[in-house]
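In what follows, a single structure is set out as structure tokens and then discussed.
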């Protein structure tokens, strides 16, 4: 049974992190390690984590200073010992069969990089809607829109090595997916909803407008796009975001095929 390293950054999530950890413990796949990296929380996050450390598969790192999302995840990636690396934020959840299905999907097909569908939930855990995923995504596809949810990703370090997140304040996961696609050519979507993404008022990823400048920077730096191509991809991105928000059925039937 191949091992999976789960990277969980944490910052002021005392109300959510216990549920997130339990969703890992309840996995039907047992060969995993959970690396929790606290980014200088000022609430009771650490005290909520400590009782779980009795399980020797769960490890806690505490940053000496605030590193942000990318630097914090990278500490976990550096420490990871598993063949596969997966990501779960400390307010999100996994379905119990997530790891089992995804590892089987990777090994059965020889995939190096995969992702799944997921559902959105409210701050209180109420179901909102499904986010379906395409069957595969190429580098050029991802330049136009980020179809890949961070909480659903798994990649194979046996073939790709440990790949860290570029140090952007936002969209660092998107930058990593582009890096991985440069190496693999394709990422493959497991056609099941296996995770729950919590939409919170304080979530960094909630501010779409502010994220546009980071999207542009990543297109230029990581995507190596010209100004003209970056402009085209940005227009595609904004169009797809609008369709996804106002006509989910068109998004699912057209963009995810």
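In full-length UniProt numbering, the protein residues as written are 1 to 257. Built from N, CA and C at the ideal position, the CB exists for glycine as well. Remember, it's a predicted structure, so these values are computed and weren't measured experimentally.
Buried/exposed call for residue i, threshold 16 Cβ in 10 Å
| i | result |
| --- | --- |
| residue 17 | buried |
| residue 4 | buried |
| residue 11 | buried |
| residue 91 | buried |
| residue 137 | buried |
Beta-bridge partners of residue i, as assigned by DSSP
| i | result |
| --- | --- |
| residue 154 | 86 and 114 |
| residue 120 | 129 and 197 |
| residue 50 | DSSP lists no partner for residue 50. |
Reference residue i; option with closest CA among the options
| i | options | result |
| --- | --- | --- |
| residue 199 | 118, 144, 80 and 133 | 118 |
| residue 102 | 27, 127 and 235 | 27 |
| residue 41 | 133, 23 and 61 | 61 |
| residue 155 | 51, 94, 191 and 77 | 77 |
| residue 212 | 144, 166, 193 and 136 | 144 |
| residue 180 | 25, 93 and 113 | 113 |
| residue 176 | 86, 104 and 15 | 86 |
| residue 39 | 21, 65 and 100 | 65 |
Short Cβ contact (9 Å threshold) for residue i with residue j
| i | j | result |
| --- | --- | --- |
| residue 69 | residue 169 | yes |
| residue 189 | residue 116 | yes |
| residue 234 | residue 178 | no |
| residue 7 | residue 88 | yes |
| residue 93 | residue 23 | yes |
Nonlocal neighbours in the same chain, by C-beta distance under 6 Å from residue i, ignoring five residues either side
| i | result |
| --- | --- |
| residue 183 | 160 |
| residue 146 | 174 |
| residue 37 | 9, 61, 72, 75 and 76 |
| residue 95 | 194 |
Beta-carbon contacts of residue i that lie in its chain and below 7 Å, excluding the five residues immediately before and after
| i | result |
| --- | --- |
| residue 13 | 45, 90 and 91 |
Same chain, Cβ closer than 8 Å to residue i, neighbours up to 5 away in sequence not counted
| i | result |
| --- | --- |
| residue 242 | none |
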